[in-house]
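Offset between the sequence shown (1-based) and this note's numbering: plus 1. Glycine included, every Cβ here is placed at the ideal spot set by N, Cα and C. It should be emphasised that the depicted structure is a prediction, and the values quoted were computed from it without experimental measurement. Below is one structure, written out as structure tokens; the observations come after it.
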Amino acid sequence: MKALPVEPTNTPVAIGSRIRAARQSQRMTIEQVADATGLTKGFLSRVERDLTSPSVASLVTLCQVLSIAIGDLFAVPETSLTRAAEAPRISLGGEGIVEKLLTARSERRLQVLQADIAPHGRGESELYAVDCDVDVLHVVRGTLTLIMTNEQYTLNAGDTLSFPGREPHTWINPTDEPATVLWILVPAASR
Numbered sequence: 002m003k004a005l006p007v008e009p010t011n012t013p014v015a016i017g018s019r020i021r022a023a024r025q026s027q028r029m030t031i032e033q034v035a036d037a038t039g040l041t042k043g044f045l046s047r048v049e050r051d052l053t054s055p056s057v058a059s060l061v062t063l064c065q066v067l068s069i070a071i072g073d074l075f076a077v078p079e080t081s082l083t084r085a086a087e088a089p090r091i092s093l094g095g096e097g098i099v100e101k102l103l104t105a106r107s108e109r110r111l112q113v114l115q116a117d118i119a120p121h122g123r124g125e126s127e128l129y130a131v132d133c134d135v136d137v138l139h140v141v142r143g144t145l146t147l148i149m150t151n152e153q154y155t156l157n158a159g160d161t162l163s164f165p166g167r168e169p170h171t172w173i174n175p176t177d178e179p180a181t182v183l184w185i186l187v188p189a190a191s192r
């Protein structure tokens, strides 16, 4: 079997910001990491700023102290782009509403839905709940009233309301103007 000729790249791998983030998430100072690894503060500072590359041995020690896997420093972040014009339409019910899924269908950590609501558009006539831990409603344009079992909230452009996702609710656009809202569900609602 013939091997594919792979040209090495001279592009440096930037891992410094990931090392800094790991250190900060451990709530450690550069001095504490220096003491634990035997590396100097100046060297660690240069590594975090991608001004120098650590040896394999130094990198292994650094990752052990910071409780991170070496592979995590080199992993390509998983990204997903949804263009507004290409976002898939969904229908969760209600009247006078056009809904789009703004996050990837495969995303399980959270879901972002955009709803364009006609004047006097409304959700289900009965209160309903969503299978998620946290439901966040952000009004981009217009006005929306969220109706819950014992409470109701009228939100205007720029207002945001967070509530337990499994809390029964519905909503209405009480005005003669259209509204645009974002629903953020954490984690993504079960399908």
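Which of the three DSSP states is assigned to residue i in this structure?
i: A86; result: helix
i: G72; result: helix
i: S56; result: coil
i: V34; result: helix
i: E100; result: strand
i: Q153; result: strand
i: Q65; result: helix
Classify residue i as buried or exposed, calling it buried when 16 or more other Cβ atoms lie within 10 Å of its own Cβ.
i: R123; result: buried
i: D73; result: exposed
i: N151; result: exposed
Take residue i and list the residues in its own chain whose beta-carbon comes closer than 7 Å to its own, dropping the five residues that flank it on each side.
i: E1; result: Here the chain has residues from 2 to 192 only, and residue 1 is not among them.
Which same chain residues end up closer than 8 Å to residue i when comparing Cβ atoms and leaving out the 5 residues on each side of it in sequence?
i: Y129; result: G94, P169, H170, T171
i: G166; result: A130, V131, D132, C133, D134, V135, D136, L186, V187, A190
i: E178; result: P120, G143, T144
i: T104; result: S81, T83, L111, Q112, V113, A189
Considering only their Cβ atoms, is the gap separating residue j from residue i smaller than 8 Å?
i: W184; j: L114; result: yes
i: V66; j: T38; result: yes
Using C-beta distances below 6 Å, list every residue in its chain close to residue i, excluding the 5 sequence neighbours before and after it, in chain order.
i: T181; result: D117, V141, R142
Item to complete: Please confirm if the region 82 to 100 is in contact with the region 25 to 44, defined as three or more CB-CB distances below 8 Å between the two stretches.
Response: A contact between stretches requires three or more CB pairs, one per stretch, nearer than 8 Å, and the region 82 to 100 fails this requirement with the region 25 to 44.
Item to complete: Please confirm if the region 131 to 140 is in contact with the region 148 to 168, defined as three or more CB-CB distances below 8 Å between the two stretches.
Response: Enough Cβ pairs lie closer than 8 Å, so yes.
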